[in-house]
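S.K.: UniProt numbering numbers the first residue of the sequence shown as 1 and each following residue consecutively. Just so it is clear, CB atoms sit at the ideal spot from N, CA and C, and this is done for glycine as well. These figures come from a predicted structure and were not determined experimentally.
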Amino acid sequence: MAELFASSNPTSGRSHLTATQSSNLRFLSLLFVHAIVWTFAAWLSRGNLDFQGDMVENYAWGIEWQAGYAKHPPLFAWITAAWFSIAPHTDFAYFGLSALNALVGLLGIVALARRFLPWRLAIIAGLAMAVSPLYTNLAIKFNANAVLLSVWPWTAYFFVRFMQSGARRWAFALGVFAGLAVLGKYFSIVLLVALAGAALARPAWRARTFSWNSLWVVAGGVLAVFAHVRWLVVNHFPTFGYASERTGGMLLDAVSRFGVYTLAQIGYLVLSFGFVVLMVRGERRRAAKLMAQAVVKPSLHPELWALAMGPWIVVGVMAVLAKTQMSSVWGMAQWFAIVPLWLAVLDRAGIQFKPVRAVRALCIYWVLVLVASGTVGYLDARKHGDSAVDPRAELAHVVHDEWRERTGQDLPIVGGSVHEAQSIAFYSDGHTRFWDIEEPRTTPWLKSSDLASRGALLVCEEGDTACQHESGELTGAEPLAVRVHKRAWGMSMPEHTYQIFMMLPH
1 MAELFASSNP TSGRSHLTAT QSSNLRFLSL LFVHAIVWTF AAWLSRGNLD FQGDMVENYA
61 WGIEWQAGYA KHPPLFAWIT AAWFSIAPHT DFAYFGLSAL NALVGLLGIV ALARRFLPWR
121 LAIIAGLAMA VSPLYTNLAI KFNANAVLLS VWPWTAYFFV RFMQSGARRW AFALGVFAGL
181 AVLGKYFSIV LLVALAGAAL ARPAWRARTF SWNSLWVVAG GVLAVFAHVR WLVVNHFPTF
241 GYASERTGGM LLDAVSRFGV YTLAQIGYLV LSFGFVVLMV RGERRRAAKL MAQAVVKPSL
301 HPELWALAMG PWIVVGVMAV LAKTQMSSVW GMAQWFAIVP LWLAVLDRAG IQFKPVRAVR
361 ALCIYWVLVL VASGTVGYLD ARKHGDSAVD PRAELAHVVH DEWRERTGQD LPIVGGSVHE
421 AQSIAFYSDG HTRFWDIEEP RTTPWLKSSD LASRGALLVC EEGDTACQHE SGELTGAEPL
481 AVRVHKRAWG MSMPEHTYQI FMMLPH
């Protein structure tokens, strides 16, 4: 990182260099404040982690440290497990992980932009993308899509370093991060194809691609994905079956879905576009026109255009050919180079910037975010919204207390209604594992015999009769009804009833 702080003036003295570093670090610290603000914003606005249960599923999978899982490759689950090996098992700590993941990605955007821009403009690139929903409210739900926010920008950064220098260390780092991107989600093939296209499009970069040092890219990639590939072969490629469920349909439907996808991407970038225009000193109309032209005119900056628009082009081709059922959040990581592209085009055109405006703009933005988040959370609790009333953490505490009262031990295994059971595993001391009673193949690290030998508790929602029937047959125990409610914003939420079945250890 030292070279990022270096002054572009070779005659500058040491004191000037130190002052520049200090100023840049203060400016860069805005990204860290931004991460803290969004951690609190998520905590204020949400009564639970996420209603769909993805985040507790990450944890339930991750603590098993498998080389792959039934739906996805393992990176985001590993990160979750590693984080909660040191962090408390609370919603606030989880939102902190989500914000940290976004922060790492934003720093990657800054590093990438620095390869083409002065240091202060590179930081503006990170700040402009920081206000996009992609790196804020969408990023708070940490899952297979969100983990790409941190991996893709750094993969692109190492790609550019290798293309510019040809050094082996950057080639190896590129291979490792390309492998990590695949371990995040197979959708990362979009990034890899886009990078390959960018490498072949530029003569100098094409020469790097066909140099012997490119073998270090292969070596790094193989090292990163070897364990997962082996897992795929041994387990007959289960994740591929899950991915294939997202393909199929009519060609016109696929084209239509990609059109909707593209409109959503434009919406995600509006705030970032406005932020850059706000930083312009004077010629804002001209700047906005140049930024729009940068998207459709590769000649304005060929290298960054390939990095910014390449993934979108690949997504379009793959979506139409495979007739994929596109979701707009699949592309949430693809815009890592769009703001660097805008800024580079403006810089080449002689547009002047006033970066100090970023401080005031972000302070106003942060206040609005916190006020809006608190308002959303309060109103959701007041109207008894699903996120506010579901007592997942409270249920976990009741269940763990019931188990300890009967056995004097920590609960070893939990199953039943999936979201509730995985929540009980998450809100624990870290020793409770999840077993899927409906689809045992998705949790192969535990067998039904483990439940009998170690002991287990099965929890079912009041209306989940299938779960209650299976749990009763498996345990041979009578259900125990537990009634749980939560409090939010000083208000008592409606009571929920659950049936729990205990299989005490032999």
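Buried or exposed, going by whether 16 or more other CB atoms sit within 10 Å of the CB of Thr324?
M.R.: As a first step, residue 324 is located in the sequence shown; it is residue number 324 there, counting from the start. With 16 or more Cβ atoms within 10 Å of its Cβ, Thr324 is classed as buried.
S.K.: My parser needs the beta strand (DSSP E) runs of 3 or more residues fully inside the stretch 367-453; what are they?
M.R.: 413-416
S.K.: Give the secondary structure of Ser8 by DSSP, where H, G and I count as helix, E and B as strand, and everything else as coil.
M.R.: As a first step, residue 8 is located in the sequence shown; it is residue number 8 there, counting from the start. For Ser8, the pLDDT reaches just 40, beneath the cut-off of 50, and the residue's location in the model is therefore unreliable, leaving the point undetermined.
S.K.: With 8 Å as the threshold, decide whether the Cβ of Pro74 is near any Cβ in chain C.
M.R.: This model lacks chain C altogether; it includes just one protein chain.
S.K.: Please tell me whether Val217 and Ala171 are closer than 8 Å, where the distance is taken between their beta carbons.
M.R.: Numbered from 1 along the sequence shown, position 217 holds the residue referred to as residue 217. Numbered from 1 along the sequence shown, position 171 holds the residue referred to as residue 171. A contact, by the Cβ cut-off of 8 Å.
S.K.: Inspect the CB distances between the stretch 139-157 and the stretch 314-332 and report whether three or more fall short of 8 Å.
M.R.: yes
S.K.: Taking DSSP's pairing of strands, which residues face Glu461 in a bridge?
M.R.: As a first step, residue 461 is located in the sequence shown; it is residue number 461 there, counting from the start. Per DSSP, Tyr498.
S.K.: Mind checking Phe210: buried by the 16 CB within 10 Å criterion, or exposed?
M.R.: Your numbering for residue 210 matches position 210 in the sequence shown. With fewer than 16 Cβ atoms within 10 Å of its Cβ, Phe210 is classed as exposed.
S.K.: Give me the Cβ distance between Pro355 and Met291, rounded to the nearest whole Å; I'm assuming they're in contact under 8 Å.
M.R.: Indexing the sequence shown from 1 puts residue 355 at position 355. Indexing the sequence shown from 1 puts residue 291 at position 291. Contact between Pro355 and Met291 is ruled out by a C-beta separation of about 17 Å, above the 8 Å threshold.
S.K.: Quick check: Arg441 and Leu504, are their CB atoms within less than 8 Å of each other?
M.R.: Indexing the sequence shown from 1 puts residue 441 at position 441. Indexing the sequence shown from 1 puts residue 504 at position 504. No. Outside cutoff.
S.K.: Examine the Cβ distances between the stretch 419-433 and the stretch 360-373 and report whether three or more of them are shorter than 8 Å.
M.R.: Under the three-pair Cβ rule at 8 Å, the stretch 419-433 does not count as touching the stretch 360-373.
S.K.: According to DSSP, is Val482 helix, strand or coil?
M.R.: Start at 1 with the first residue of the sequence shown, and residue 482 comes out as number 482. The answer is strand: DSSP assigns Val482 an E or B state.
S.K.: Our contact map puts Leu458 next to Ile500 with C-beta atoms below 8 Å; I'd like the distance itself, whole angstroms only.
M.R.: Position 458 of the sequence shown, counting from 1, holds the residue named residue 458. Position 500 of the sequence shown, counting from 1, holds the residue named residue 500. With a Cβ gap of about 7 Å, Leu458 and Ile500 count as contacting.
S.K.: Could you work out which residue in Arg26, Trp152 and Arg208 is closest to Leu112 when comparing CA atoms only?
M.R.: Sequence index remark: in the sequence shown, residue 112 carries index 112 (1-based). Selected option, being the one with the closest Cα: Trp152.
S.K.: If we require 4 or more residues per run, which alpha helix (DSSP H) segments fall completely within the stretch 285-363?
M.R.: 302-322 and 338-348
S.K.: Among Arg404, Leu451, Leu379 and Val482, which one has its Cα closest to the Cα of Gly490?
M.R.: As a position in the sequence shown, residue 490 is number 490, starting the count at 1. Out of Arg404, Leu451, Leu379 and Val482, Leu379 has the C-alpha closest to the C-alpha of Gly490.
S.K.: Could you tell me which of Val359, Ser214, Pro494 and Ala194 sits nearest to His485, measuring between CA atoms?
M.R.: The residue given as residue 485 occupies position 485 in the sequence shown. With distances taken between Cα atoms, His485 lies closest to Pro494.
S.K.: With distances taken from CA atoms, which of Cys363, Phe258, Gly377 and Arg348 is nearest Ala322?
M.R.: The residue given as residue 322 occupies position 322 in the sequence shown. Selected option, being the one with the closest Cα: Phe258.
S.K.: Return the first residue and the last residue of the alpha helix (DSSP H) that Asn101 is part of.
M.R.: Counting from 1 along the sequence shown, the entry for residue 101 is found at position 101. Here the alpha helix (DSSP H) through Asn101 covers Asp91 to Arg114.
S.K.: Taking 7 Å as the limit between beta carbons, can you name the residues of its chain near Ala333, skipping five residues before and five after?
M.R.: Working through the sequence shown from its first residue, we reach residue 333 at position 333. Correct list, in chain order: Leu148, Leu149 and Trp152.
S.K.: Using C-beta distances below 6 Å, list every residue in its chain close to Val314, excluding the 5 sequence neighbours before and after it, in chain order.
M.R.: Numbered from 1 along the sequence shown, position 314 holds the residue referred to as residue 314. Contacts found: Val190, Val193 and Ala194.
S.K.: Quick one: what does DSSP say Arg487 is sitting in, helix, strand or coil?
M.R.: Your numbering for residue 487 matches position 487 in the sequence shown. In this structure, DSSP gives Arg487 an extended state, which the three-state scheme calls strand.
S.K.: Closest to Arg454 by CA distance: which of Asp464, His431 and Glu462 is it?
M.R.: Indexing the sequence shown from 1 puts residue 454 at position 454. The residue with the shortest Cα to Cα distance from Arg454 is His431.
S.K.: Any idea which residues DSSP pairs Met503 with across the strands?
M.R.: In the sequence shown, the residue the question calls residue 503 occupies position 503. DSSP lists Ala456 as partners of Met503.
S.K.: Give me the Cα-Cα distance between Pro340 and Gly415, rounded to the nearest whole angstrom.
M.R.: The count along the sequence shown starts at 1 and reaches residue 340 at position 340. The count along the sequence shown starts at 1 and reaches residue 415 at position 415. Rounded to whole angstroms, Pro340 to Gly415 spans 47 Å at the Cα level.
S.K.: Give every residue of the same chain whose Cβ lies closer than 6 Å to the Cβ of Ala308, excluding the five residues on either side of it in the sequence, and list them in chain order.
M.R.: To locate residue 308, count along the sequence shown from 1; it is residue 308. Hits under 6 Å: Ala337, Ile338 and Leu341.
S.K.: If distances are taken between C-alpha atoms only, which option among Ala477, Lys71 and Phe177 comes closest to Gly108?
M.R.: By 1-based counting over the sequence shown, the position of residue 108 is 108. Taking only the C-alpha atoms, the option nearest Gly108 is Phe177.
S.K.: Would you list the one or two residues that DSSP bridges to Ser492?
M.R.: Looking up residue 492 in the sequence shown gives position 492. Residue pairing of Ser492 in beta bridges, as defined by DSSP: Arg487.
S.K.: Any idea what DSSP makes of Val131, helix, strand or coil?
M.R.: Numbered from 1 along the sequence shown, position 131 holds the residue referred to as residue 131. Correct three-state label for Val131: coil.
S.K.: Would you give the residue range spanned by the alpha helix (DSSP H) that Gln265 belongs to?
M.R.: Walking along the sequence shown from the start, residue 265 turns up at place 265. It spans Leu251 to Met279 - the alpha helix (DSSP H) in which Gln265 sits, taken as one unbroken run.
S.K.: Grab me the residues of Gln468's own chain with a C-beta within less than 7 Å of its C-beta, minus the 5 sequence neighbours each way, in chain order.
M.R.: In the sequence shown, the residue the question calls residue 468 occupies position 468. Correct list, in chain order: Cys460, Pro479 and Gln499.
S.K.: Please go through the same chain and pick out, in chain order, the residues whose beta-carbon is closer than 8 Å to the beta-carbon of residue 513, but skip the five residues on each side of it.
M.R.: Within the shown structure, residues of the chain are numbered from 1 to 506, placing residue 513 beyond reach of any answer.
S.K.: Taking 7 Å as the cut-off, is the beta-carbon of Ser214 closer than that to any non-hydrogen atom of the ligand GTP?
M.R.: Judged by which ligands are present, the structure shown has none, so any question about the ligand GTP falls away.
S.K.: In the DSSP assignment, the alpha helix (DSSP H) including Arg168 goes from what residue to what residue?
M.R.: Translated into positions along the sequence shown, residue 168 becomes position 168. Note, Arg168: alpha helix (DSSP H), Arg168 to Gly184.
S.K.: With DSSP as the reference, label Asp54 as helix, strand or coil.
M.R.: By one-based count along the sequence shown, residue 54 stands at place 54. Of the three classes helix, strand and coil, the one that applies to Asp54 here is helix, per DSSP.
S.K.: Less than 7 Å between C-beta atoms, sequence neighbours within five positions excluded: which residues of the same chain meet that for Leu106?
M.R.: As a working mapping, residue 106 is identified with position 106 in the sequence shown. These residues qualify, in order along the chain: Leu31, Gly126, Met129, Ala130 and Tyr135.
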